[in-house]
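Chemist: The structure is given below, and queries will be raised subsequently.
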Amino acid sequence: MEQDNTTTTGLPDNAYKELPPGEEYRPVLDPAAEHPEVTPWSVGWGIFMAILFSAAAAYSGLKIGQVFEAAIPIAILAVGISASARKKGALGQNVIIQSIGASSGVIVAGAIFTIPALYILDLPADFFKVFVSSALGGFLGILFLIPFRKYFVKDMHGKLPFPEATATTEILIAGEKGGKQAQVLVISGLIGGFFDFAFSAFGAWSEVISTRMVDAGQILADKVKLVFKVNVSSMVFGLGYIIGLKYSAVIAAGSLLSWFILVPLVYEIGKGLPAPLGVAATKLIGSMSAEEIFRFYVRPIGIGSIAMAGIIGVLRSSKIIAGAFGLAFHEIVHRNSSKAAAPVRTQADIPMLFTLMLIILAAFLIFVFLFGAVVFNALHALVGLAIVLIIAFLFTTVAANATAIVGSNPISGMTLMTLILSSLILTRIGLTGSEGIVSALIIGGIVCTALSMAGGFVTDLKIGYWIGSTPKKQESWKFLGTLISAATVGGVILILNQTFGFKGEHAMVAPQANAMAAVIQPLMSNAPTPWILYALGALVAIVLVMMDVPPLAFALGMYIPQELNTPLFFGGLVAWWVSSRAKNDRIRNARFSRGTLIASGFIAGGSIFGVLNAFLRFGGFNWYAAEWAESFGGQWVGLLMFVLLIGYTLWDTMRAKEGD
27 MEQDNTTTTG LPDNAYKELP PGEEYRPVLD PAAEHPEVTP WSVGWGIFMA
77 ILFSAAAAYS GLKIGQVFEA AIPIAILAVG ISASARKKGA LGQNVIIQSI
127 GASSGVIVAG AIFTIPALYI LDLPADFFKV FVSSALGGFL GILFLIPFRK
177 YFVKDMHGKL PFPEATATTE ILIAGEKGGK QAQVLVISGL IGGFFDFAFS
227 AFGAWSEVIS TRMVDAGQIL ADKVKLVFKV NVSSMVFGLG YIIGLKYSAV
277 IAAGSLLSWF ILVPLVYEIG KGLPAPLGVA ATKLIGSMSA EEIFRFYVRP
327 IGIGSIAMAG IIGVLRSSKI IAGAFGLAFH EIVHRNSSKA AAPVRTQADI
377 PMLFTLMLII LAAFLIFVFL FGAVVFNALH ALVGLAIVLI IAFLFTTVAA
427 NATAIVGSNP ISGMTLMTLI LSSLILTRIG LTGSEGIVSA LIIGGIVCTA
477 LSMAGGFVTD LKIGYWIGST PKKQESWKFL GTLISAATVG GVILILNQTF
527 GFKGEHAMVA PQANAMAAVI QPLMSNAPTP WILYALGALV AIVLVMMDVP
577 PLAFALGMYI PQELNTPLFF GGLVAWWVSS RAKNDRIRNA RFSRGTLIAS
627 GFIAGGSIFG VLNAFLRFGG FNWYAAEWAE SFGGQWVGLL MFVLLIGYTL
677 WDTMRAKEGD
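Numbering (this note's numbering), first residue to last: 27 to 686.
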């Protein structure tokens, strides 16, 4: 009997493992054959998804500050539509649909973090600025990532978890394969979707539970500012399973440092001060909650740690960057040589010479845009262009690495650092006041979108690598998705500003843009900046490197709210448990693969029902019982439901048998 060389999900059994020397990963689609990928069907549906999810993500992000990941729900819809139409050869086409459509979430994230700040500060903003800055930033993100595709996607095979790419790939494969795998995915997707929908749409229980739900916990929170919080979302829990115990534990450790050590320490030191401490705080430390102390004093430390981890990552990536330059130079020099063998279809990128020419063209367009629509000064435009190119290029590897580790991109922290650096540089060359703020925000918007695109696009390319798509086709058609998404988000921001506004009562919250506005105003007016807090974070990152702890994962834990980090750890624990409870390797692999399907279903269900909730809220349907959800009773029910969710995951995962 021929030995099966695939996982229970349909991918080769070495899809998630490090490869020993000499072993190659062979994707699902044969690299030596041509498969339907770019067709009117895939491009048309990709454009439709980009428009639909750009609008939904923009509303969600500006309303509640959360941009849902579009790749997973788009993959679900692509599989469903292809199955309904009985489409043959749908797998490669579904990758293109997902890749074009997924431009929506990353472009939205880049735009809403900065552009609404122009409206908040009563500065000139229009559709043209939003569209052009988003499109050019997206183009840079694509172009800067292409030279690093081979390293992140192929060379680091099995070394990085790629949680979102894993979930999306499992969806595409299960939809193509059908059978038990599709059934497991659908059931877990419905469970996860209804679970998250119950608290997000109806407030059936609290989304976040904390130690304040018991008297002792309330006393600790009041007296020493010690609080422990968990988000009960099945989607976040599923991400933790896919990330695994190693990285989820490091992330949780960073969060514990922030909330169990730094927050109580700041309170203990500052509780007796007679005046507010710091440039942004307006309250006495003694009267602040733990959350306020985190926001004003500890999160900036996390920003500094992310920035230093990014710098360390750039230094560590210097050989990778040099190697990418070397490969690009070699390809350009030998492009017409008979010795230059054509790459395998699944490793063919846009030619490096063409990529370089497109980067130069994008740089020229950015200069024209800055000079003609933002600063009206050639020197200022050149300086702005230099800031964009240097920061975007250097932090491309950081954004890609962060996404590959935790499935999320710390672009808000990197964008804040970009705004700070931009403001310092621009003020030194005489660009201050309103014009300086507009310039810094536009520069920050371009960089933010570029880094957001780099993080999102590495996910698309990893999906294509596992399945066997042609990278060149993914890269080429990503530009179309970027244009469509940039135009859509520009229109949505304009409409939402005219309908609701971004400041005042009943306005769109736009939390990230409000944070950017709060940071940039004092910088452009030469007010004090919390450099000491940024420096402390930088020192933490350096110590982590000396201790051989992944600094970026730890820094993400310090920066991201605690309630989003702790469920990752619980998910990682479950992944470790189910993959270590049997002596038989095939049983362990079967259990882990089934758990991956279940976790992917949770992520998919939570994402798609999140989109549904956003549309319902947009349509005026609001059944959320806030009073109950925020009560102690709502938190106890939330704790019970989270325990049941973990119990179900353990039970269903441990049911897997050898050969399933």
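Note that CB positions come from ideal geometry on N, CA and C, so glycine has one too.
Measuring CB atoms only, is the region 284 to 298 touching the region 610 to 630, in the sense that at least three cross pairs come out at less than 8 Å?
Modeler: no
Chemist: Using C-beta distances below 6 Å, list every residue in its chain close to Arg614, excluding the 5 sequence neighbours before and after it, in chain order.
Modeler: Ser605 and Ala608
Chemist: Does DSSP put Val132 in a helix, in a strand, or in coil?
Modeler: Looking at Val132 - three-state DSSP - the assignment turns out to be helix.
Chemist: Candidates Ile376, Glu653, Val121 and Trp557: which alpha carbon is nearest Met443's?
Modeler: Trp557
Chemist: What span of residues does the beta strand (DSSP E) with Asn120 cover, start to end?
Modeler: Looking at the DSSP string, Asn120 is not in any beta strand (DSSP E); the run it does join, the alpha helix (DSSP H), is Ala116 to Gly127.
Chemist: Going by alpha carbons, who is nearest to Lys43 out of Val69, Lys185, Val276 and Ile416?
Modeler: Among Val69, Lys185, Val276 and Ile416, the Cα nearest to that of Lys43 is on Lys185.
Chemist: Taking the Cβ atom as the reference point for each residue, do Ile277 and Leu570 lie within a distance shorter than 8 Å?
Modeler: no
Chemist: Closer than 8 Å by C-beta to Gly270: which residues in its own chain qualify, once you throw out the five before and the five after it? Chain order, please.
Modeler: Pro187, Gly598, Ala601 and Trp602
Chemist: Which first and last residues belong to the alpha helix (DSSP H) in which Lys683 is found?
Modeler: Note, Lys683: premise wrong, no alpha helix (DSSP H); not H, not E.
Chemist: Rounded C-beta distance between Glu190 and Thr485? I'm assuming under 8 Å.
Modeler: 5 Å
Chemist: Which stretch, first to last residue, makes up the beta strand (DSSP E) that contains Ile235?
Modeler: Val234 to Ser236
Chemist: By a C-beta neighbour count over all protein chains shown, 10 Å radius and 16 as the cutoff for buried, is Pro66 buried or exposed?
Modeler: exposed
Chemist: Excluding five sequence neighbours on each side, which residues of the same chain lie with their C-beta closer than 7 Å to the C-beta of Ile624?
Modeler: Around Ile624: Val210, Ser214, Thr675, Asp678 and Thr679.
Chemist: Looking at the secondary structure, which residues open and close the alpha helix (DSSP H) in which Val400 lies?
Modeler: Val400 -> no alpha helix (DSSP H), and no H or E assigned at all.
Chemist: Alpha carbon to alpha carbon, how far is Ile122 from Gln588?
Modeler: Taking the straight line joining both Cα atoms gives about 35 Å.
Chemist: Suppose the cutoff is 7 Å on Cβ atoms and the five residues either side in sequence are ignored; what does the same chain contact list for Leu149 look like?
Modeler: Ser460, Ile463 and Val464
Chemist: Would you say Val473 and Ile417 are within 8 Å of each other, going by their C-beta atoms?
Modeler: Yes. Within cutoff.
Chemist: Between the alpha carbons of Val324 and Val256, how many angstroms are there, rounded?
Modeler: Going by the C-alpha atoms only, they are around 19 Å apart.
Chemist: Once DSSP output is grouped into helix, strand and coil, what is the label at Asn639?
Modeler: helix
Chemist: Quick one: what's got a C-beta closer than 6 Å to Met334's C-beta in the same chain, skipping five residues either side?
Modeler: Excluding residues within five positions, the ones whose Cβ falls inside 6 Å are Ala564 and Ala567.
Chemist: Compare the C-alpha of Leu415 against each of Glu653, Leu391 and Ser281 and name the closest.
Modeler: Leu391
Chemist: DSSP three-state label for Asn257, please.
Modeler: strand
Chemist: So Leu117 and Ile493 are supposed to be a Cβ contact under 8 Å. How far apart are they, rounded?
Modeler: 6 Å
Chemist: Comparing alpha-carbon positions, which option in Ile634, Phe174, Gly621 and Ile546 lies nearest Gly673?
Modeler: When only C-alpha atoms are compared, the closest one is Gly621.
Chemist: By the 10 Å Cβ neighbour count, where 16 or more other Cβ atoms means buried, how is Ile521 classified, buried or exposed?
Modeler: exposed
Chemist: Which residues in the same chain as Phe223 place their Cβ atom closer than 6 Å to its Cβ, once the five residues preceding and following it in sequence are excluded?
Modeler: Phe635
Chemist: Grouping DSSP H, G and I as helix and E and B as strand, with all else coil, what is Pro24?
Modeler: The structure shown does not extend to residue 24, since the chain spans only 27 to 686, so no value can be given for it.
Chemist: From the DSSP output, in three-state form, read off Pro38 for me.
Modeler: strand
Chemist: Is Phe154 buried or exposed, if buried means 16 or more other CB atoms sit within 10 Å of its CB?
Modeler: exposed
Chemist: Since Phe157 and Ala513 should fall inside the 8 Å C-beta cutoff, what is the C-beta to C-beta distance between them, to a whole number of angstroms?
Modeler: Going by Cβ atoms, the distance from Phe157 to Ala513 rounds to 6 Å, so yes, they are a contact pair.
Chemist: Taking DSSP as the reference, what is the three-state secondary structure of Trp649?
Modeler: coil
Chemist: Helix, strand or coil: how does DSSP classify Ser605 here?
Modeler: Annotated three-state conformation of Ser605 is coil, per DSSP.
Chemist: Taking the alpha carbon of Ala543 as the reference point, which residue from Thr441, Gly131, Phe483 and Asn40 has its own alpha carbon closest?
Modeler: Thr441
Chemist: Find out if the Cβ-Cβ distance for the pair Lys374, Lys498 is shorter than 8 Å.
Modeler: What sits at residue 374 in the sequence shown is Ala, not Lys. Yes, the Cβ-Cβ distance between Ala374 and Lys498 is below 8 Å.
Chemist: Contact defined as beta carbons within less than 8 Å: I believe Ala426 pairs with Phe174. What is the distance between those atoms, to the nearest angstrom?
Modeler: About 7 Å separates the Cβ atoms of Ala426 and Phe174, confirming a contact at the 8 Å cut-off.
Chemist: Using only CA atoms, which one of Ala430, Ile431, Gly471 and Ala428 lies nearest to Ser448?
Modeler: Gly471
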